[in-house]
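Add 140 to a position in the sequence shown, counting from 1, and you land on the number used in my numbering. A virtual CB, placed ideally from N, CA and C, is assigned to each residue, including glycine.
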Amino acid sequence: MKPLKRLLTALVLCLFASFAMAEGVFPDLSRPFEALFLPRGVEWTENSYRSQNLYIQITTRRECGSDVYIAEIYARTAQSLRRAFGGEAWNTRSERIGTLAQRSGAVLALMGDNGHLLKAGYVVGNGQLWRSRGNQQRDLCVLYRDGSMVIHKAPADEALIDAQQQQGLIWQTFVFGPSLLDDAGKALEAFPTSDVERSNPRAVIGYDQPGHYYLVQVDGRGTLSTLEPGASNEGMTLAELAQLMESLGCSAAYNLDGGQSASMWFCDRVISTPYHNGRAVGDVIVLCEPPENAADSIESFLVE
Numbered sequence: 141m142k143p144l145k146r147l148l149t150a151l152v153l154c155l156f157a158s159f160a161m162a163e164g165v166f167p168d169l170s171r172p173f174e175a176l177f178l179p180r181g182v183e184w185t186e187n188s189y190r191s192q193n194l195y196i197q198i199t200t201r202r203e204c205g206s207d208v209y210i211a212e213i214y215a216r217t218a219q220s221l222r223r224a225f226g227g228e229a230w231n232t233r234s235e236r237i238g239t240l241a242q243r244s245g246a247v248l249a250l251m252g253d254n255g256h257l258l259k260a261g262y263v264v265g266n267g268q269l270w271r272s273r274g275n276q277q278r279d280l281c282v283l284y285r286d287g288s289m290v291i292h293k294a295p296a297d298e299a300l301i302d303a304q305q306q307q308g309l310i311w312q313t314f315v316f317g318p319s320l321l322d323d324a325g326k327a328l329e330a331f332p333t334s335d336v337e338r339s340n341p342r343a344v345i346g347y348d349q350p351g352h353y354y355l356v357q358v359d360g361r362g363t364l365s366t367l368e369p370g371a372s373n374e375g376m377t378l379a380e381l382a383q384l385m386e387s388l389g390c391s392a393a394y395n396l397d398g399g400q401s402a403s404m405w406f407c408d409r410v411i412s413t414p415y416h417n418g419r420a421v422g423d424v425i426v427l428c429e430p431p432e433n434a435a436d437s438i439e440s441f442l443v444e
């Protein structure tokens, strides 16, 4: 009966989505963190940003001999959590994170997955399918239009992903990996699908609940610390990174492309210390204000 129940649930969701999109409305759900948003206007400080649609708070600390930048994010709509691609289209060209961030009107940006460097792996950016070929060797991170984030462990169920994409349920995918937490939100200790377990600069996306996310940057490879004079940045192993994401209270966390690519941009500048000043990349995750018509879109996160 379970497959039939799942099918009926999917059909109901599809009918609801079709109705909501046709009417331009969606349910008025209670939002436990509504008070974090402003009723109007913008508040922007050196380490925070608040508006009607976004709440971003950035904290920094030393962890495992490294500078760590933690951006805690509350977003009202899916339109605010986007991908920016070099050349404005996936697999076109590489550009610096600042260029990508400024062109997309970003408040905050973090390195993405550089998925164009891999020969396989689903690529969905801002709801658009760019590559439909699965990657059986890597965990697949999927951010759905309802705001939930699920990591499909390798090998991912390609038939399921295809069906979800055809139903228009997927907003973003990431194909670097690996997953850092188990199904109970506890730090994993072994990463059999990854060859980047040693200490490195890191970029990570973490998830608590729909609308509540973390973007995390870890400096490394001997760059000088900006938080502790005279100290250097060692980077983190995947095991150390997993412990960090568990400590933040994430229920899921996913390792993005790191090394020289890893950098975080906020308030019109790179705030982390990328190795050798970073490099041009194919994509970044950006947090930005939604288009004016975002409130009329079914792509809004439905936060319970």
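Helix, strand or coil at alanine 402 [DSSP, three-state]: The residue given as residue 402 occupies position 262 in the sequence shown. DSSP places alanine 402 in coil when its eight states are reduced to three.
Aspartate 302 - containing alpha helix (DSSP H), residue span: Position 162 of the sequence shown, counted from the first residue, corresponds to residue 302. Segment 298-306, the alpha helix (DSSP H) holding aspartate 302.
Backbone CA spacing between leucine 427 and valine 356 [nearest angstrom]: As a position in the sequence shown, residue 427 is number 287, starting the count at 1. As a position in the sequence shown, residue 356 is number 216, starting the count at 1. Between leucine 427 and valine 356, the C-alpha separation is close to 13 Å.
Glycine 265 (DSSP reduced to helix, strand or coil): In the sequence shown, the residue the question calls residue 265 occupies position 125. Strand.
Status (buried if at least 16 other CB within 10 Å, exposed otherwise) for alanine 299: Position 159 of the sequence shown, counted from the start, is the residue given in the question as residue 299. Its Cβ having fewer than 16 others within 10 Å, alanine 299 is exposed.
Beta-bridge partners of tyrosine 415, as assigned by DSSP: If you number the sequence shown from 1, residue 415 lands on position 275. Partner(s): none; tyrosine 415 has no beta bridge.
Segment limits, beta strand (DSSP E) that includes arginine 273: Residue 273 sits at position 133 when you count from the first residue of the sequence shown. Note, arginine 273: premise wrong, no beta strand (DSSP E); not H, not E.
Three or more C-beta pairs below 8 Å linking the region 359-379 and the region 292-309: no
Environment of glycine 389 [buried if 16+ CB atoms lie within 10 Å]: Against the sequence shown, residue 389 aligns to sequence position 249. Under this definition glycine 389 is an exposed residue.
Straight-line gap, glycine 255 to serine 319 (C-alpha atoms, nearest Å): For the purposes of this step, residue 255 is identified with residue 115 of the sequence shown, where counting begins at 1. For the purposes of this step, residue 319 is identified with residue 179 of the sequence shown, where counting begins at 1. For glycine 255 and serine 319, the distance between alpha carbons rounds to 16 Å.
Strand pairing of phenylalanine 225, partner residues [DSSP]: As a first step, residue 225 must be located in the sequence shown, where it is residue number 85. In DSSP, phenylalanine 225 forms a bridge with Asp423.
Option nearest threonine 313 by Cα separation, candidates Gly325, Asp359, Gly261, Asp322: Within the sequence shown, the letter at position 173 stands for residue 313. Among Gly325, Asp359, Gly261, Asp322, the Cα nearest to that of threonine 313 belongs to Gly261.
Glutamine 197 - containing beta strand (DSSP E), residue span: For the purposes of this step, residue 197 is taken as the residue at position 57 of the sequence shown. Taken as a continuous stretch (DSSP letters only), the beta strand (DSSP E) holding glutamine 197 covers 194-203.
Cβ-Cβ distance between tryptophan 230 and glycine 265 below 7 Å: Mapped onto the sequence shown, residue 230 falls at position 90. Mapped onto the sequence shown, residue 265 falls at position 125. Result yes, Cβ atoms of tryptophan 230 and glycine 265 sit closer than 7 Å.
Euclidean distance between Cα positions of glycine 360 and asparagine 417: Here the question's residue 360 lines up with position 220 in the sequence shown. Here the question's residue 417 lines up with position 277 in the sequence shown. Answer to the nearest angstrom: the Cα atoms are 12 Å apart.
Enclosing beta strand (DSSP E) for glycine 346 [first to last residue]: Within the sequence shown, the letter at position 206 stands for residue 346. Here the beta strand (DSSP E) through glycine 346 covers 342-349.
Between the CA atoms of alanine 303 and arginine 146 - distance to the nearest angstrom: For this step, residue 146 is matched to residue 6 along the sequence shown. For this step, residue 303 is matched to residue 163 along the sequence shown. Low per-residue confidence applies at arginine 146: pLDDT is 40, beneath 50, and the placement is therefore not dependable enough to give any value.
Stretch-stretch touch, CB-based, cutoff 8 Å, three pairs: the region 184-197 with the region 216-223: yes
Rounded C-alpha distance that separates phenylalanine 173 from leucine 248: Here the question's residue 173 lines up with position 33 in the sequence shown. Here the question's residue 248 lines up with position 108 in the sequence shown. Going by the C-alpha atoms only, they are around 20 Å apart.
Alpha-carbon spacing of cysteine 407 relative to leucine 250, whole angstroms: Numbered from its first residue, the sequence shown carries residue 407 at position 267. Numbered from its first residue, the sequence shown carries residue 250 at position 110. Cα-Cα distance, rounded: 13 Å.
Contact belief for glutamate 329 with threonine 377 at Cβ below 8 Å, rounded distance in angstroms: Walking along the sequence shown from the start, residue 329 turns up at place 189. Walking along the sequence shown from the start, residue 377 turns up at place 237. With a Cβ gap of about 11 Å, glutamate 329 and threonine 377 do not count as contacting.
CA nearest to the CA of isoleucine 291, picked from Ala420, Pro414, Ser391: Reading the sequence shown from its first residue, position 151 is the one you call residue 291. The shortest Cα separation from isoleucine 291 among Ala420, Pro414, Ser391 belongs to Ser391.
Which listed residue (Met385, Gln307, Ser339, Gly287) has its alpha carbon closest to that of alanine 327: In the sequence shown, the residue the question calls residue 327 occupies position 187. With distances taken between Cα atoms, alanine 327 lies closest to Met385.
Classification of valine 182 by the beta-carbon crowding that lies within 10 angstroms, buried from 16 upward: Translated into the one-based positions of the sequence shown, residue 182 becomes position 42. By the neighbour-count rule (16 or more Cβ atoms within 10 Å), valine 182 is not buried but exposed.
Counted within 10 angstroms of its Cβ, other Cβ atoms place arginine 201 as buried (16 or more) or exposed: Sequence index remark: in the sequence shown, residue 201 carries index 61 (1-based). So arginine 201 counts as exposed.
Contact belief for valine 358 with serine 206 at Cβ below 8 Å, rounded distance in angstroms: Along the sequence shown, one-based indexing puts residue 358 at 218. Along the sequence shown, one-based indexing puts residue 206 at 66. The pair is a contact, with the Cβ atoms about 5 Å apart (cut-off 8 Å).
Glycine 164 classed as buried or exposed, judged by whether at least 16 other C-beta atoms fall within 10 angstroms: For the purposes of this step, residue 164 is taken as the residue at position 24 of the sequence shown. The predicted model places glycine 164 with a pLDDT of 28, which falls under 50 and marks its position as unreliable; any figure quoted below should be read in that light. The residue in question, glycine 164, is exposed, as its Cβ has fewer than 16 Cβ neighbours within 10 Å.
Endpoints, the alpha helix (DSSP H) within which methionine 385 is located: Residue numbering aside, residue 385 sits at position 245 when the sequence shown is read from its first letter. Methionine 385 -> alpha helix (DSSP H) spans 378-387.
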